[in-house]
Ligand code: FUL
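Structure below.
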């Protein structure tokens, strides 16, 4: 008997027994690779930013930091790994090379690396030490290799591209398995460039020869997910605040997106009509900056705030990449590690008890026995509830063991068959009627995981009404929870200090600078600027004086990374007695725009 015959007879037998051996629903493209599914299941992992910037109090090193500055006194990658593990995270991505070009591993290809620093007499290797710590603690390792390099004299020439690829090969062959390779899209143009100190423009789409770099990754580390604005493995979520929009498709029209994509807003919800599976990764730092600054020791994101981000990243069909700015000693700061571990405990507590495990789930449509709604709570990733072909809307009714407080619903689509759901609604039973639960966000997509928070209701029944989908429904997980508190904390996006600014009249000068006039001469020691959506300053000059005609420059510099991370910019200078403060943008992120601000002031 050949295989086909056997299958036919088996089917006949099963259907005569009343067990309809239904076929699985046809997949709907775009589809993830098995590596992308495994990557998405990691859910949370850590980022580490560390390098000369740590010692020079900078976010974007110019590429000229002396090698002697890199000398952490107690660097301990096991301390990082332990913290990350205790925070429930599954891996860590390290800035092997940031934009300043300094290499945290003893690369063959430049002198500008750990090899020529006083740290461990030049015998250290941060990448190697972290790889060993990850192995010991069961974490995955990922690496960030900045394409933009403000150090190398030959940046901008074809030689640099060879250099970049050679370093990539080195990193991918020396440190064991790599789960993610991070290609950053930022490029501010100017740099040290071997002393040339000039602005260099490259074509971000073509210069680095990404297709070749990708082939190298596929060859040496086939499981590695390649991050960039447009993937191909996973995409930037379009902000550095750590969240995706509630509506979040794991697709992109991949040919349109390139590193430094200017419609980054679209990355927050993906392209519903995208042709390629490129899921979102939500990255943010536990502090305002990516690198360590002592001045931010009091600005570590609170556990409440981080919890909110978890729900808006993992709970919005993304992964959560949380950065720890390792400090000058070479350690994760105790406040940062405490908050990260408490975040984990908090999530564990809020989503500990799936009330459905003591209740029941009924579906208004089932494709057949093997696709029953029971699969939603069996804990098996690969069994799922599915509806019959042509059925793209259905209700799931959840009955709990007793009436009780609830305020979270978790849903998971079986993404190996594609992302499908376009709209749903959650209702609860109140007496004889079904009422909608009160949510703060739209209920549209589900994807790998969607966690809906709503105002606490006491009920015995809930109903998820899936209203629209790209095909038959395929869901492999569902949960109902009570977070433990009926109160929803209130969140704001700002982590800046709430200390008031000095009262000032603010005007613009004829040449476009911003002039602040205080009511009298007084001591001023800092300037603060929260950029607006457009008109972002890239470089600044601050001048002070007792009259607008006689101003003296007290600070100049760069607002590193302001394009992607438009947070409050704080500039501190030697305190001066002054009445006038002039802020001039000496360079704009988008050339030609007048400078604009949301908030501006001095203290
Ligand atoms: C950005 C960079 O410019 C920042 O410095 C940081 O590395 C962040 C994660 O990505 O684009």
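Numbering (the working numbering), first residue to last: 20 to 622. Ideal placement from N, C-alpha and C gives every residue a C-beta, glycine not left out. Treat the numbers as computed from the prediction; the structure is a model and nothing was measured.
DSSP state of residue i, grouped into three classes?
i           : result
residue 364 : helix
residue 532 : coil
residue 297 : coil
residue 577 : strand
residue 591 : strand
residue 141 : helix
residue 276 : coil
residue 358 : helix
residue 181 : helix
residue 305 : coil
residue 58  : helix
residue 434 : helix
residue 104 : helix
residue 160 : strand
residue 333 : coil
residue 583 : coil
residue 133 : helix
residue 147 : helix
If contacts are defined as beta-carbon pairs under 8 Å, then residue i and residue j qualify, I think. What distance do you get, rounded to the angstrom?
i           : j           : result
residue 299 : residue 337 : 4 Å
residue 115 : residue 162 : 5 Å
residue 236 : residue 245 : 6 Å
residue 232 : residue 194 : Their Cβ separation, rounded to whole angstroms, is 17 Å, which puts residue 232 and residue 194 out of contact at 8 Å.
residue 96  : residue 152 : 4 Å
residue 418 : residue 450 : Their Cβ separation, rounded to whole angstroms, is 16 Å, which puts residue 418 and residue 450 out of contact at 8 Å.
Can you say whether residue i is buried or exposed, counting buried as having 16 or more other CB atoms within 10 angstroms of its CB?
i           : result
residue 29  : Confidence is the limiting factor: at residue 29 the pLDDT is only 45, short of 50, which leaves the residue's position unreliable and the question unanswerable from this model.
residue 400 : exposed
residue 267 : buried
residue 553 : exposed
residue 544 : exposed
residue 319 : buried
residue 258 : buried
residue 591 : exposed
residue 513 : Confidence at residue 513 is low in this model, with a pLDDT of 43, below 50, so its placement is unreliable and the value that follows should be read with caution. Exposed is the call here.
residue 609 : exposed
residue 119 : buried
residue 166 : buried
Do you know offhand how far residue i's Cα is from residue j's?
i           : j           : result
residue 238 : residue 187 : 12 Å
residue 472 : residue 137 : 51 Å
residue 197 : residue 340 : 16 Å
residue 448 : residue 481 : 6 Å
residue 129 : residue 179 : 11 Å
residue 134 : residue 462 : 52 Å
residue 421 : residue 327 : 29 Å
residue 251 : residue 200 : 11 Å
residue 546 : residue 492 : 54 Å
residue 82  : residue 211 : 5 Å
residue 175 : residue 404 : 53 Å
residue 351 : residue 230 : 36 Å
residue 414 : residue 289 : 26 Å
residue 372 : residue 380 : 16 Å
residue 183 : residue 585 : 28 Å
residue 169 : residue 304 : 23 Å
residue 54  : residue 555 : 39 Å
residue 121 : residue 131 : 5 Å
residue 594 : residue 190 : 46 Å
residue 46  : residue 409 : 14 Å
residue 385 : residue 376 : 20 Å
residue 57  : residue 216 : 44 Å
residue 355 : residue 347 : 14 Å
residue 62  : residue 109 : 8 Å
residue 276 : residue 234 : 19 Å
residue 559 : residue 571 : 14 Å
How about residue i and residue j: are their beta carbons less than 9 Å apart?
i           : j           : result
residue 431 : residue 465 : yes
residue 412 : residue 487 : yes
residue 248 : residue 278 : yes
residue 606 : residue 532 : no
residue 269 : residue 64  : no
residue 17  : residue 69  : The first residue shown for the chain is 20 and the last is 622, placing residue 17 beyond what the model contains.
residue 498 : residue 428 : yes
residue 78  : residue 579 : yes
residue 520 : residue 483 : no
residue 445 : residue 458 : yes
residue 387 : residue 60  : no
residue 66  : residue 309 : yes
residue 456 : residue 474 : yes
residue 588 : residue 564 : no
Taking only beta-carbon positions, decide if residue i is within less than 9 Å of chain D.
i           : result
residue 251 : This model lacks chain D altogether, as it is built from one protein chain only.
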